[in-house]
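Residue numbers (our numbering), protein chains in the order written: chain A, 1 to 584; chain B, 1001 to 1626. Single-structure report; data block below.
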Amino acid sequence: MYALCVVGLFVSSVFGLLVPWMTREAVDAVSAARGGGPPGEGRLLRAVGLMVLFSILYAAFRFLSRRSLFVAARDVEREVRGRLFSHVVRLPIRFFHATPTGDVMSRLTNDLSAVWVFLGPGLLMLVGTVISWLLAVAFMLRISPMLTGVSLLIAPAVVYLSREYGRAFHLRHRLVQESLASMNAALQENISGIRLVKAFTLETREEERFSGECERYYRHNLAVARTSAAFHGAIGLLAGVGVALVLFLGGRAVVQGTLTLGGLVAFNAYLAMLSFPTMAMGWVINLFQRGSSAMGRINEFLRLPVEFPEGGTETAGEGKAPVEDSAGSGIGEPPLLEVRGLAFSHGGDGRGEALRGVSFSVRKGEVLGLVGPTGGGKSTLFSLLSGLFPAPPGTVFLEGIDASTIPLPELRRRFAVVSQDPFLFSDSVLENVCFGRGQTDPGAARNATGLARFLAEVEEMPNGFDTVVGERGISLSGGQKQRVTIARALCSGAPILLLDDALSAVDAETEREIFEGILPEKGERTVLFSTHRMASLSRCDRILVLADGRIVEEGTHDDLLSLRGAYFDLYSRQMLARELEESS
Amino acid sequence: MRHGPDDFFTDDRIETRGIDRRLLARLLRYVLPHRRLLAAALAALLCGTACHLAGPYLLKIVIDRHVMTGRLSGMGGWVLLYLGSLAGAMGFLYLQMYAVSILGQRVILALRREMFARMQRLPVVFFDRTPTGRLMTRLTSDVEALQELLSSGLVSTIGDVAVLAGTTAILLWMDLRLALVTFAVLPALVLFVELLKKRIREANREMRRKLARMNAFLQEHVTGVAVVKAFGMEGKSQRRFDALNGEYAAESVRLTNLYSIYFPGVEMLASIAVALLLWRGGVGLLSGAVTFGTLVAFLEYARRFYDPIKDMSDKYNILQTALASSERIFRLLDEEISPEYAESPPEPALDARPPPSPRASGSAAAVPAVEFRDVWFSYPRPAGGETAGGGEGPPVLRGVTFVLEEGRTGAIVGATGAGKTTVLSLLCRFYEIRRGKILLFGRDIREIPREELRGSLALVLQDPFLFSGTVRENVAAGGEAVGAALAAIGVERFTREWGEGLATDVGERGVRLSTGQRQMVSFARALAREPRVLLLDEATSSVDPVTEGRIQGALAGILPGRTALVVAHRLSTVLSADRIIVMHKGKVREMGTHRELLAAEGIYRRLYALQFEEGSGPGAGIPEHF
């Protein structure tokens, strides 16, 4: 592909440079005729005709080469972007916690366009310039070696100047970028702290501060403008000197008869053709530097190891892992889910909750409640079960198989997680509900939405299930979002449902309804459920009380109440709070 | 016409309809103060254009008078003049560009300052409902688009027009017939440019839309990556991304194709014009009707003539984008400022103002420091989504009445959603109340000038927000009594542990400090103000025991004897208050001291039992917070 582009560029450059040559032919034909030579009409007409032909050919080849080069560059861009995304989305969750979103985004956007700009316009410029330089110099040498020598004297100065300019520009431009960033930071800070600004009557101070930032930005911008004006002025003068020298010496040569008038005209045209690409070399060098450092940053991400090997694991189109329905729950059969002495802590910074030796097991079809204070380890437990963070080997078992040996996507597809803060994509309700399935299935979505007690509201929306929610659509309340995420989990068809305080923004009555909606299916669906609402907990088959990373109590609602321990305490507080809530 | 307030929040469209004259007129008002710069730029532009147009004519003279006649004497002078015209064209061009960029930068500097100043005076409601990112865009990319218009759009368009008009005039004057030949290609060129221009603009817009969609998808999948992983949907997401990526690539290829036709096409047409010119000129030369110099000059002019036509359509694009941006900018500038910033608050003359001396108010002791009289309030309904904004939400405060005497500490307690924080916001006049009256030392806060009102209050937010800068700068932002405040809180003691002490840079929004440390600094900031009333919204988040001890110690040092209204979460704070105000669902339900309220066996009694009484079981571990 690239070879083809180079050939195309070469051919188009040849034709492009032949156009001024025909000017020479035409002018010389006329002057020869006037000087008493053969009649010039025929030669003139031939030169002009060829000129038209060459310009058409030039345009055609230029179109082809430009097009093929740009399309090739776009292809590369698309491919790299696709690969980068597919790689990034498979990086472990730790990566996303450690890397700011802005950083990830800038590699997927800015860095990629820097690569494209170099591979497309940059390369076109670079190759085009080199080819037309070589060819033009050849043509110019044929017209007049002396004039060529004179004008080439200037070329090194031009290249030198433009490189120096590129350097200075880069430096100043970086200052502009830095001051822009700091201006934006000041702005962002002001907006997020606006209440304090007002409360402490800091408006004037903030205005002065922001004004200062704006002024710095202004000054740096002007410095760039000055540099650019100075450079272009100098280059212009240099080029002007070159052109004037050529005119003077060329004119003399014509008078002396060593150069034809047509030659002089054509020579001037070549000089004009070369001046722009020569100046642009500095720019191209800059593009190349930026493109290669951007590629470096992209490769940095591509080299990070993914959390599971690509391919092979995603064959189950339905998004549901194959579950062996063969055996009934015979004795001796391992429990659906078993946790043995699970201990875990998040990183070394001591922040976040941790687990210290948690053990329990869940039978198929069981509904297990989880309760305990914030920071007790519930969310960590859910993250580990569902494989969001890989659990240490020998701690989590699914039907007797060590979860750490199950490929992550397959493991994750056995669980449908609904986390505390509901995240929806700005897409239609239907797509959001069906997110966990391989294919969009309106019937299943309807069913799940009904179970999540959201169907009536969806039907009231302007476009029903096709209503777009989120940033580009209508905004949902917290409770609505939570119900969509429940529907999403139900719709995924995963056999184990993990609800992590997933109904906190839903009122108690709706929570009860949803809970009851899920129950009839409990024969097949296993549910792990963390909540603060006693009404829901009392319906669970079994309840674990998790505090401080340990299971402190375990049993049915009645068992635990009779223990008069932590659970009972929680219960009495709830009753009190409810009483308080009702007294208005 | 005024746009509804919602337009501001709902659209960030790229396209606009046509060109709005009123908008241009309003923009011009920002340019006029710099009319001398503008005049300089235009002068440079005209001189540059003159030089630019003189060049080919000088060439003609050199060729006709010297090269063709063989007279070399005097040729050097003309060549020098030619050089002068070239240098002048370049020099003036860059002089003009420089002047224009100064102009553009000055205009946007002024505009940015004005926008920022306006923003400072907008009601808190505005910030509640406007995403930060959108506001940022107004002051950044929208302003930059305007700059682009000023620096590369407006003036250079005038230049282009001047070049076109000048060339046309000179060519017609030099040789009418040859001029007509030169222009022969013009209709074809204009048609070609027009045809492609429209499609390029459409393709460009479509490509940007596809790019925006793809980037939104990316952003979402990076922030929501946990969901993708939880459902094992990496493959599905990738397929959908590939589709978006492919659409974008296809659109960009379409644009590439159009440009690949456009640029070579224009060059081809220009070359054909030259060929025609050569042919007619050559024939004219043979018959002696045209001189060599004229022909060469014509060739040069033709090139100058066709250059500006090439990028006419780009200019139009810039203009449109800039106008769309300026529309959004002006909408921000037209947002109504908050009433407390009104030019002339109903304040009495400076000297006539009753001197409410801070502490020594022996006779005025009867006037309470803070008084709420039957205050009703509801937050304006957020203007998100399809619903029209501007309506009132459900009432948050329903007839709140209480008084707080000078020198006393009042603790507001209640369940979440009771309206506790709202009371503090209303006292600061962040929002306008619907009914009732709020009095500060006997004066309606609506009649107190803003600076005086907020100057006598000091607010400590629940989430302690610090400005970037040093610890000392942050404390000094509160007021002048920095030293006393630092001593009272003991900030100096714990900042010493960081090595740089008070000069420690707290980082953006104070991220380099822990939550507890930020709280301490924000206490000091409030004290530095020497407020007549301290407003404290206690943080609910728990901190480590050491910091907790320090915070409690600091509060114990601050509160006694101070007029303070505290949204209290700590038992110690509640216990130390002179008066406890129990709020429930927007109403004040009980008031009194801890002992009184416990004895009353009401809501407070139950709240207290809920939050503070030790549970019997182990591990319940509920922190000592309301």
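Positions of the beta carbon are idealized from the N, C-alpha and C atoms, including for glycine. The structure displayed is predicted, hence computed values, not measured ones.
Residue range of the unbroken beta strand (DSSP E) whose run includes residue i
i	result
A547 of chain A	542 to 547
L1457 of chain B	1457 to 1460
R1446 of chain B	Segment: none, R1446 of chain B is in no beta strand (DSSP E) and carries neither H nor E.
F397 of chain A	396 to 398
S68 of chain A	Element bounds for S68 of chain A: not the beta strand (DSSP E) but the alpha helix (DSSP H), 41 to 88.
D1537 of chain B	1533 to 1537
D500 of chain A	496 to 500
F344 of chain A	337 to 345
R370 of chain A	The sequence shown places Leu at residue 370 of chain A, not Arg. Counting along the chain, the beta strand (DSSP E) containing L370 of chain A begins and ends at 367 to 371.
Delimiting residues of the alpha helix (DSSP H) encompassing residue i
i	result
R1201 of chain B	1186 to 1223
S1522 of chain B	1515 to 1528
K198 of chain A	194 to 199
A444 of chain A	442 to 451
T1157 of chain B	1155 to 1174
E1492 of chain B	1491 to 1496
Backbone secondary structure at residue i - three-state DSSP
i	result
E1371 of chain B	strand
G1380 of chain B	According to the sequence displayed, residue 1380 of chain B carries Pro and not Gly. In this structure, P1380 of chain B counts as strand in the three-state DSSP scheme.
K1587 of chain B	strand
A1043 of chain B	helix
A223 of chain A	helix
T23 of chain A	helix
R564 of chain A	coil
L259 of chain A	coil
K1236 of chain B	helix
E554 of chain A	strand
E208 of chain A	helix
V506 of chain A	coil
G1385 of chain B	Caution applies to G1385 of chain B, whose pLDDT of 39 falls short of 50 and renders its modelled position unreliable; the model cannot decide the point.
P1395 of chain B	strand
A1117 of chain B	helix
G1592 of chain B	strand
G1074 of chain B	coil
E410 of chain A	helix
A1411 of chain B	strand
K1437 of chain B	strand
R1606 of chain B	helix
Beta-carbon separation (whole angstroms), residue i vs residue j, contact threshold 8 Å
i	j	result
L1196 of chain B	L1295 of chain B	Actually they do not touch by this definition, with Cβ atoms about 31 Å apart.
E207 of chain A	A1117 of chain B	5 Å
Q1238 of chain B	V1155 of chain B	No, Q1238 of chain B and V1155 of chain B are not in contact; Cβ-Cβ is about 48 Å, not under 8 Å.
By the 7 Å beta-carbon criterion, what residues does the stretch 166 to 192 of chain A contribute toward chain B? N184, A185, L187, Q188, E189, I191, S192
Taking Cβ-Cβ distances below 7 Å as the criterion, which residues of the stretch 273 to 292 of chain A are in contact with chain B? none
Give, in chain order, every residue of the stretch 96 to 107 of chain A whose Cβ lies closer than 8 Å to some Cβ of chain B. Of all residues in the stretch 96 to 107 of chain A, F96, T101, V104, M105 have a Cβ within less than 8 Å of some Cβ in chain B.
When you compare the stretch 258 to 272 of chain A with the stretch 136 to 144 of chain A, are there three or more beta-carbon pairs, one atom per stretch, that lie closer than 8 Å? Counting Cβ pairs under 8 Å, three or more are found: they touch.
contact_flag[the stretch 210 to 224 of chain A, the stretch 1025 to 1034 of chain B] where n(CB pairs < 8 Å) is 3 or more: They do not touch, by the three-pair rule.
Of the residues that make up the stretch 293 to 309 of chain A, which ones have a beta carbon closer than 7 Å to any beta carbon in chain B? none
Under 8 Å, CB to CB, which of the residues in the stretch 193 to 210 of chain A have a partner in chain B? G193, I194, R195, L196, V197, K198, A199, F200, T201, L202, E203, R205, E206, E207, F210
Under 8 Å: do the stretch 1137 to 1144 of chain B and the stretch 1225 to 1242 of chain B share three or more Cβ pairs, one atom per stretch? no
Give the residues from the stretch 1581 to 1615 of chain B that approach chain A closer than 8 Å (Cβ to any Cβ), ordered along the chain. H1584, K1585, I1603, R1606, L1607, A1609, L1610, G1615
With contact counted as at least three CB pairs below 8 Å, one residue from each stretch, are the stretch 1201 to 1210 of chain B and the stretch 34 to 42 of chain A in contact? no
Between the stretch 1516 to 1549 of chain B and chain A, which residues of the former have CB atoms less than 9 Å from a CB of the latter, in chain order? S1522, R1525, A1526, R1529, L1535, S1542
Residues within the stretch 70 to 95 of chain A neighbouring chain B, beta-carbon criterion of under 8 Å: F70, V71, R74, D75, E77, R78, R81, G82, F85, S86, V88, V89, R90, I93
If the cut-off is 8 Å on Cβ atoms, which residues from the stretch 1318 to 1342 of chain B count as contacting chain A, listed in chain order? none
Please list the residues of the stretch 387 to 398 of chain A that have a C-beta atom closer than 9 Å to any C-beta atom in chain B, keeping them in chain order. G387, L388
Taking a cut of 7 Å between CB atoms, which residues from the stretch 1135 to 1157 of chain B lie near chain A? L1135, M1136, L1139, T1140
Short-range partners of chain A found in the stretch 1197 to 1209 of chain B, where Cβ spacing is below 9 Å: none
Please determine if the stretch 70 to 82 of chain A and the stretch 105 to 116 of chain A are in contact, where contact requires at least 3 C-beta pairs separated by less than 8 Å. By the criterion of at least three beta-carbon pairs nearer than 8 Å, the stretch 70 to 82 of chain A is in contact with the stretch 105 to 116 of chain A.
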